[in-house]
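Trainee: Read left to right, the sequence shown gives residues -19 to 256 (our numbering). Glycine included, each C-beta is placed from N, C-alpha and C at the ideal position. To start, I am sharing the structure in question, which I have written as structure tokens.
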Amino acid sequence: MRAALVLQYLLPHRALSRLVYRATRWTWTPWKNFLIDAVVKNYAVDMNAAAQPDPHAYASFNAFFTRALKPGARTEPADPRAVACPADGTVSQAGAIGDGRILQAKGFDYSVAELLGDEIEATKYTNGRFVTVYLSPRDYHRVHMPLAGVLRETVHIPGRLFSVAPFTVEAVPRLFARNERLVCHFDGEHGPFAVAMVGAMLVSSVETVWSGLEIPPYANTVTRRDWREKRIRLERFAEMGRFNMGSTVIVLLPSTHATKFAVEAGRSVRVGQPIG
């Protein structure tokens, strides 16, 4: 087992994430420009699509990391029936949910019930489909709606904060069901669907457009919030949230939705492109 993986089991995940949370919001110009320049250079970040293409114009590293795009930089699918990709990134896995389980990587899977923190909710996705998108540091970090839907419930599930980089996903069993995450349940035209925003080591802060900052604070118990009375409806392709740093998005669709995801593991994707 490589040393980097061993360290992930030993390091204080939440303490490190809290430290990074503060550091990425420090507005001291030399500091924030140092961090921004390091990411732009090391990850070959393309700033041409950004609404503000000058990386030094951002007030903090986090403002740079969660930057908006120019109008028209991403577009929704032309086909009104299509599922829109929820994030820029790389498809980690996509396919059918078999026996209530989701493929994580070769040799590893985990249950829908674990991911959602709810055995009953998991039954809605029996024989359904899933797609997992990994956001690297170079990617646009806002998450958009794969389908139009009315927000029913959010579930903040406590957990670890392992890295979600490919080498960790291939080595840590049930990683996405172990990491802290926010599960968003929606009701759409063809039935329910879920979008899980999974936190990771150093990159575990999640915001939504309807509630603002959701993580941190980190949870010690499962926290459910019923949103039905608010009647929050988001259209397909609308922004639904963001990662303050990168992570992973998992979309679950029920068998009542006829979509077969038209993407494969390893494929680069962009917000709004049709994936099914």
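1) Quick one: what does DSSP say Pro172 is sitting in, helix, strand or coil?
2) Just curious, the alpha helix (DSSP H) that Arg118 is in, first and last residue?
3) Taking Cβ positions, are Ile230 and Ile100 nearer each other than 9 Å?
4) In three-state terms, what does DSSP make of Phe166?
5) Taking three-plus beta-carbon pairs below 8 Å as touching, is the stretch 191 to 204 in contact with the stretch 3 to 14?
6) Would you check if the distance between the CB atom of Phe110 and the CB atom of Glu150 is smaller than 9 Å?
7) Could you name the residues of the same chain whose beta carbon sits closer than 7 Å to that of Leu141, not counting the 5 residues immediately before and after it, in chain order?
8) Which same chain residues, not among the five before or five after Leu233, have their C-beta less than 7 Å away from its C-beta?
9) Does DSSP put Thr203 in a helix, a strand or coil?
10) Please report the straight-line C-alpha distance between Val249 and Asp167, rounded to a whole angstrom.
11) Leaving aside the five residues before and after Asn42 along the sequence, list all residues of the same chain whose C-beta is less than 6 Å from its C-beta, in chain order.
12) Let me know the secondary structure DSSP gives Ile16 once reduced to three states.
13) Tell me whether His136 sits in a helix, a strand or coil according to DSSP, three-state version.
14) With distances taken from CA atoms, which of Asn200, Thr46, Ala29 is nearest Thr188?
15) Nearest by alpha-carbon distance to Asn200: which of Arg(-18), Gly80, His136, Leu(-9) is it?
16) Does the beta-carbon of Leu(-13) have 16 or more other beta-carbons within 10 angstroms, so that it is buried, or is it exposed?
17) Locate the alpha helix (DSSP H) running through Thr148, then write down its first and last residues.
18) Which term fits Glu215, buried or exposed, when burial requires 16 or more other beta carbons within 10 angstroms of its beta carbon?
19) In three-state terms, what does DSSP make of Leu155?
20) Hey, quick one: how far does the beta strand (DSSP E) through Ile195 stretch, first residue to last?
21) Give me the residue from Arg54, His170, Gln73, Val92 with the minimum Cα distance to Leu127.
22) Suppose contacts are defined by Cβ-Cβ distances below 9 Å. Is Pro153 in contact with Gln84 by that definition?
23) List the residues that DSSP assigns as beta-bridge partners of Ser185.
24) Between which residues of its own chain and Val202 is the CB-CB distance below 8 Å, once the five residues before and five after are set aside?
25) Quick one: measure Cβ to Cβ for His121 and Ala64, integer angstroms, because I've assumed they're closer than 8 Å.
26) Given 8 Å as the limit, tell me if Leu(-15) has its C-beta closer than that to any heavy atom belonging to the ligand HEM.
27) Could you check the C-alpha separation between Pro33 and Asp119 for me, to the nearest Å?
28) Would you give the residue range spanned by the beta strand (DSSP E) that Ala58 belongs to?
Mentor: This is what the structure gives:
1) When secondary structure is reduced to three states using DSSP, Pro172 falls in the strand class.
2) Per DSSP, Arg118 lies in no alpha helix (DSSP H) segment and is marked neither H nor E.
3) The Cβ atoms of Ile230 and Ile100 lie no closer than 9 Å to each other.
4) Here DSSP, grouped into helix, strand and coil, assigns Phe166 to strand.
5) In short, these stretches do not touch, since the Cβ pair count stays below three.
6) Not closer than 9 Å, so no.
7) His(-7), Arg(-6), Ser(-3), Asn159, Glu160, Gly179, Ala180, Met181, Ser184.
8) Result list for Leu233: Gly108, Arg109, Phe173, Thr239, in chain order.
9) Strand.
10) Each residue's alpha carbon lies about 25 Å from the other.
11) The residues are Thr4, Arg5, Asn224.
12) Collapsing the DSSP output to three states places Ile16 in a helix.
13) Strand at His136.
14) That would be Thr46, whose Cα lies nearest to the Cα of Thr188.
15) Asn200 has its Cα closest to that of His136, out of Arg(-18), Gly80, His136, Leu(-9).
16) Result: exposed.
17) 146 to 149 is the span of the alpha helix (DSSP H), which, as asked, contains Thr148.
18) Glu215 is exposed by the Cβ-count criterion.
19) Three-state result, Leu155: helix.
20) Taken as a continuous stretch (DSSP letters only), the beta strand (DSSP E) holding Ile195 covers 192 to 195.
21) Among Arg54, His170, Gln73, Val92, the Cα nearest to that of Leu127 belongs to His170.
22) Judged by their CB atoms, Pro153 and Gln84 are nearer to each other than the 9 Å cut-off.
23) Partner(s): Asn224.
24) Correct list, in chain order: Gly97, Val135, His136, Ile137, Pro138.
25) No, His121 and Ala64 are not in contact; Cβ-Cβ is about 17 Å, not under 8 Å.
26) Of the ligands one can find in the structure shown there are none, so the ligand HEM has no counterpart to examine.
27) Cα to Cα, the separation comes out at about 14 Å.
28) Per DSSP, Ala58 belongs to no beta strand (DSSP E) and is neither H nor E.
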